[in-house]
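Please read the structure below before turning to the comments.
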Amino acid sequence: MLIADCKGCSYLHWAIGIGLGVRGTHPEHRINARPRMPLISAITDCQLYKAREPAQKINAPTNKD
């Protein structure tokens, strides 16, 4: 798979900052994978895409004086 195919998926995990790369965290991918979260490039033909939940906006109080 390509990272571009997985952008927007809730199972996409960016672990680049800790040296692990971009990984897939879906439980079905973790069953036989070593390490437990496989690299995106090691996943073939993923049909487990799940869109991320939209982030909730925090309404800051406004001063309308």
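For the sequence shown, position 36 (counting from the first letter as 1) is numbered 1186 according to this note's numbering, and the numbering increases by one without interruption. Think of the CB as a built atom: it goes at the ideal place given N, C-alpha and C, for glycine as much as any other residue.
Using only the alpha-carbon positions, how far apart do residue i and residue j sit?
| i | j | result |
| --- | --- | --- |
| P1204 | Y1161 | 14 Å |
| M1151 | R1180 | 16 Å |
| K1157 | N1182 | 23 Å |
| Y1199 | G1169 | 24 Å |
| C1159 | D1195 | 14 Å |
For residue i, which option in the options has the closest C-alpha, if you only look at C-alpha atoms?
| i | options | result |
| --- | --- | --- |
| I1116 | L1189, G1158 and D1155 | Not covered by the structure: residue 1116. The range shown for the chain is 1151 to 1215. |
| M1187 | G1169, P1177, A1201 and D1195 | P1177 |
Just to confirm the assignment, what range does the alpha helix (DSSP H) spanning residue i have?
| i | result |
| --- | --- |
| A1180 | Per the sequence presented here, residue 1180 reads as Arg, with Ala not at that position. Residues P1177 to R1180. |
Which residue marks the beginning of the beta strand (DSSP E) containing residue i, and which one marks its end?
| i | result |
| --- | --- |
| A1165 | L1162 to A1165 |
| R1173 | G1171 to G1174 |
Quick check: residue i and residue j, are their CB atoms within less than 8 Å of each other?
| i | j | result |
| --- | --- | --- |
| I1153 | V1172 | yes |
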